[in-house]
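Note that the protein sequences, when read in sequence, are chains G and V.
With our numbering as the guide, the letters of the first sequence map in order to residues 6 to 730.
With our numbering as the guide, the letters of the second sequence map in order to residues -9 to 220.
For every residue, glycine included, the Cβ atom is placed at its ideal position computed from N, Cα and C.
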Amino acid sequence: MKEKITNKIIQEHNLTKKEYSLIKKILGRLPNLLELGIFSVMWSEHCSYKSTKKWLKTLPTKGKNVICGPGENAGIIDIGDNDAIVFKMESHNHPSFIEPYQGAATGVGGIMRDVFTMGARPIANLNSLRFGDPSNRRTKNLLRGVVKGIGDYGNCVGIPTVGGECFFHESYNSNILVNAMCVGLVNKNKIFYSTAKGIGNPIIYVGSKTGRDGIHGATMASAEFTDDSTNNRPQVQVGDPFMEKLLLESCLELMSYDAIIAIQDMGAAGLTSSSFEMASKGNCGVQLFLEKVPCREENMTPYEMMLSETQERMLLIIKPNKKKLTFKIFKKWGLEAVEIGKLTNTGNMELYLKKKLVGSLPIKPLAESAPEYNRPSKKKSKKIKPKKVIKKNLKKILMQILSSPNHSSKKWIFKQYDSSVMGDTILSSEKSDAAVIRIHGTQKAVAITCDCNPVYCQSDPKIGAEIAVAESWRNLIASGANPIAITDNLNFGNPEKKEIMYQIKQAIQGIKNACEKLNYPVVSGNVSLYNETNKNSIMPTPVIGGVGLIKKLENAKGFKMKENANIFLVGKTFGHLELSLFHQMHKLNHGPPPKVDFKKERKNGEFVKKLISKTNGVIGCHDLSEGGIGVSLAELCISNEMGIKVEIPKKFLSKPEKWIFGEDQSRYILIVEENFNLKKYIEKEVEIEKIGIVSGVYLEFTNCFEIPVKNLIKLNNKWFNEYLK
Amino acid sequence: MKKKKIISIIIFPGSNCDRDLMVAVEKNLGIKPNLVWHQTRNIEKTDIIFLPGGFSYGDYLRAGIIATKSPAISEVIRLSKKGIPIIGICNGFQILTECNLLEGALLKNSNQLFKCEDVFLKVTSKNKFTSSYKKGEIISFPIAHSQGNFFVNDQKLKELEDNEQIIFKYTSKEGSEDKNFNPNGSKNNIAGIVNKKKNVLGLMPHPERAIENFSSRDGKGFFKSIYEML
């Protein structure tokens, strides 16, 4: 390790001159290459959140059901009866663009490890995907690879993939987004954390052997792409879902004994970040004997071992008297577990190779003096394009929306995911605004959803983020749940650009505001920046993953309908068409997104919640979002293969498009039993009106147009099948 | 409804429907099954053996092939010869064809993709595994596999047909055996078969995922037949 640290090496490690000076100051000397490498990954945007930390701190993270907020491997909420839900969403954007199959697969693997590391058995996976324009030459293969990667990994491990979203837009042509969310179940008295404790306690490595794959993955995910970024392929890790399954079962088995003090998966920045984070949380020092690290290849250097991102590896601190038991359990599952080091009281990370000290770093200062930037931000001024005349063939527009890539049935994707393994999937997100998963062996369930409308966020990141939070809240309510908390996955461009930093700050502000108003805290999250290629940034995409509780299984609603049932609209319709799908179909992309009135949002939500949980009147429910009433009703018809008759209110007859396609917030469609007297439940401040009934074989706006439901189904299924023929 | 019978479920590393099967057995038969680890060299007493779904040993080669080398499978083969009923579901079916307890092979799905959906099945033969169904009855179970495309040559197919060894076929809701209702390219829409002696059953669809109020409940008949059989 005698290499001279040149400016070029510093640059290659994505460190600024200032950061390098700070490194020298912390060490009181020059770092060697191994030490520089460790600093570079620990201080990478991906691991240190240096551009966003200042703002993320402002998010509300506490609540009466929150057991564990951000800072651990995943967030945890209490759902009663000693049951707790562990969940988090994480991005694997950069690797998935370079190698879609492995990038997406390892994204799923990583987030599942974050969940079972805490003692939870994963019970559901979701994913939020963004691809480029379908006509872009890369899009088709990226879509195929990502979907197969997600499916093959989750299917093999045996965790149902129950929902998600998939959206195409040219801004993602060279930077796709793959955000994976995992939800797990744990006994709230048997949660495992990552705080290392006990001087002298052994550090155990278990799982795949360390290879040269993924070295500098975290640094890659912290830089912009250029045209030759696909040359980064060696930085993408390769997934082994079978190994993950063995790790999952063996760790859960070991956790049933009183053996583990702390446990952490080796995710981004591998052995480095896992050992540093555990030691830093416990104010410990660490000695690692690197010759003991199981390696896949010969002659791996300490630098490679510390920075490798080989998947499916865990690091454990165990009680010394439980060593034998630990090795026995791992052996039963055919896994190699090795003691690679021990905890010390020095506060330093001491790395030895064959008894020679090859690196020594102070743990706390390295973790805690990670740079925190208050990067400058500025709103980008927009040019307003002149308004075009709107065509008025509403029937055609609705058909166009339902056959467009973004609003076509996602069956082609969804069928590649095992959604029914574990036997607890009550509703997948194909049949409900939120997926509903039974808590095994009980009469309760969790509802899970993920959402973001980047078109709104592009125009106004604050309102866009507010809407993403509000929509996830509504999705949970519409599925019959009481919303509890969220995880957020913030995907943006290069934060060193003022206008991107503006988007980031505004979006976080929006999430903060919405979460506070809805009493809906953030318990975990992930930030993915530098989603740019050749200076072109993605649209701001703060994806929100929401989780709620359904106390009685019969309250799980989803898109159910019944012949002759009444259809009610909850919430006020103004007819906001700017940025709506209706406008997008006319290639109009300007104007503000609809505003969220949080007082109304809460009132309407609480009303629907009460109606579902306290009466037997509600058959099904669907929230209103993109595409407004028209798309929502069409989705209900398609899902149930039943017709609907609704009448456009008189005051909208001169402008029916406002009623059919307006995207005003805080609204729901309720399908209500024919004889149910809803009147006596109506509250003063909640706007509710009957708009029609379930009947016939048409989606019929009685005073405007009608489409046979079987045509809707055909249209809705067409695009994916033709595109991927 | 308690019978003192021993039900064994073999667990391989990578099995992932073992819990679902265990729950379904307990719920529908009132018997807690024995979980048998793949390295077991001696299965002393059992009245029936299940091979669950999943990805045994990762299924990185042909699905099911590595499992055939496990000690537990030697026992399964031995016991099958004695007439003990053996049921393989999904990966279990793949293992049973790989160790030649059942005819044919399970190839990759014709579209090369994993497929998970609810399918309709016709109960084409009535025997002890299907005693609770009517012959020709249409039932619904989910499928979830990437290698469920059953293949046999025409001569063997004829034998299967003549001996009434074909138990389940993929059909429409109305019972049409048209290829449009074949989810994976399987020969003659075959979803499940038995061996000549009719004590070994393999099927791709998952009856253990069709026993709840929120799913199809047609799997209950499957477990009821097993209960009657024991």
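Residue range of the beta strand (DSSP E) that includes residue i
| i | result |
| --- | --- |
| residue 112 of chain V | 105 to 113 |
| residue 184 of chain V | 180 to 184 |
| residue 620 of chain G | That residue, residue 620 of chain G, is in no beta strand (DSSP E); it is neither H nor E in DSSP. |
| residue 57 of chain V | Premise fails: residue 57 of chain V is in no beta strand (DSSP E) and is neither H nor E. |
| residue 547 of chain G | 546 to 555 |
| residue 693 of chain G | 693 to 699 |
| residue 191 of chain V | 190 to 193 |
| residue 158 of chain G | Unbroken run through residue 158 of chain G is the alpha helix (DSSP H), 144 to 162; no beta strand (DSSP E). |
| residue 95 of chain V | 95 to 97 |
| residue 732 of chain G | Given that chain G is displayed from residue 6 to residue 730, the structure contains no residue 732 of chain G and the question cannot be resolved. |
| residue 362 of chain G | 361 to 367 |
| residue 673 of chain G | 673 to 677 |
Residue i versus residue j: straight-line alpha-carbon distance, rounded
| i | j | result |
| --- | --- | --- |
| residue 295 of chain G | residue 51 of chain G | 25 Å |
| residue 1 of chain G | residue 439 of chain G | There is no way to answer for residue 1 of chain G, as the model of chain G reaches only from 6 to 730. |
| residue 83 of chain V | residue 194 of chain V | 7 Å |
| residue 436 of chain G | residue 480 of chain G | 12 Å |
| residue 363 of chain G | residue 306 of chain G | 10 Å |
| residue 686 of chain G | residue 571 of chain G | 15 Å |
| residue 18 of chain V | residue 202 of chain V | 11 Å |
| residue 194 of chain G | residue 208 of chain G | 24 Å |
| residue 56 of chain V | residue 214 of chain G | 22 Å |
| residue 300 of chain G | residue 110 of chain G | 22 Å |
| residue 4 of chain V | residue 713 of chain G | 46 Å |
| residue 6 of chain G | residue 39 of chain G | Here residue 6 of chain G scores only 46 on pLDDT, less than 50, and its place in the model is too uncertain to base an answer on. |
| residue 115 of chain V | residue 122 of chain V | 12 Å |
| residue 80 of chain G | residue 67 of chain G | 11 Å |
| residue 718 of chain G | residue 703 of chain G | 11 Å |
| residue 85 of chain G | residue 42 of chain V | 32 Å |
| residue 512 of chain G | residue 546 of chain G | 9 Å |
| residue 134 of chain G | residue 159 of chain G | 16 Å |
| residue 47 of chain G | residue 464 of chain G | 34 Å |
| residue 509 of chain G | residue 667 of chain G | 27 Å |
Residue i in three-state terms, based on DSSP
| i | result |
| --- | --- |
| residue 143 of chain V | coil |
| residue 129 of chain G | strand |
| residue 16 of chain V | helix |
| residue 609 of chain G | helix |
| residue 309 of chain G | helix |
| residue 1 of chain G | As shown, chain G starts at 6 and ends at 730. That puts residue 1 of chain G outside it, with no answer to give. |
| residue 645 of chain G | helix |
| residue 135 of chain V | strand |
| residue 210 of chain V | helix |
| residue 226 of chain V | Given that chain V is displayed from residue -9 to residue 220, the structure contains no residue 226 of chain V and the question cannot be resolved. |
| residue 41 of chain G | helix |
| residue 668 of chain G | coil |
| residue 576 of chain G | coil |
| residue 462 of chain G | helix |
CB of residue i within 7 Å of CB of residue j, strictly
| i | j | result |
| --- | --- | --- |
| residue 271 of chain G | residue 187 of chain G | no |
| residue 218 of chain G | residue 315 of chain G | yes |
| residue 443 of chain G | residue 431 of chain G | yes |
| residue 90 of chain G | residue 552 of chain G | yes |
| residue 28 of chain V | residue 53 of chain V | no |
| residue 85 of chain V | residue 65 of chain V | no |
| residue 733 of chain G | residue 624 of chain G | The structure shown has nothing for residue 733 of chain G, since chain G only spans 6 to 730. |
| residue 72 of chain G | residue 124 of chain G | no |
Alpha helix (DSSP H) segment containing residue i, residue limits
| i | result |
| --- | --- |
| residue 475 of chain G | 466 to 483 |
| residue 279 of chain G | 275 to 286 |
| residue 417 of chain G | 416 to 419 |
| residue 87 of chain V | 81 to 88 |
| residue 354 of chain G | Premise fails: residue 354 of chain G lies in the beta strand (DSSP E), 353 to 358, not in any alpha helix (DSSP H). |
| residue 247 of chain G | 246 to 260 |
| residue 27 of chain V | Note, residue 27 of chain V: premise wrong, no alpha helix (DSSP H); beta strand (DSSP E) at 24 to 27. |
Minimum Cβ-Cβ distance from residue i to chain B less than 7 Å
| i | result |
| --- | --- |
| residue 136 of chain G | Of the protein chains in the structure, G and V, none is chain B. |
Review point. What are the uninterrupted segments assigned as alpha helix (DSSP H) that are 4 or more residues long and contained completely in the region 91 to 125 of chain G, given in chain order?
Key: 98 to 103, 105 to 121
Pick out the complete alpha helix (DSSP H) segments inside the region 500 to 572 of chain G, 4 residues or longer, and give them in chain order.
Counting whole runs of 4 or more residues, the region 500 to 572 of chain G contains the alpha helix (DSSP H) stretches 503 to 523.
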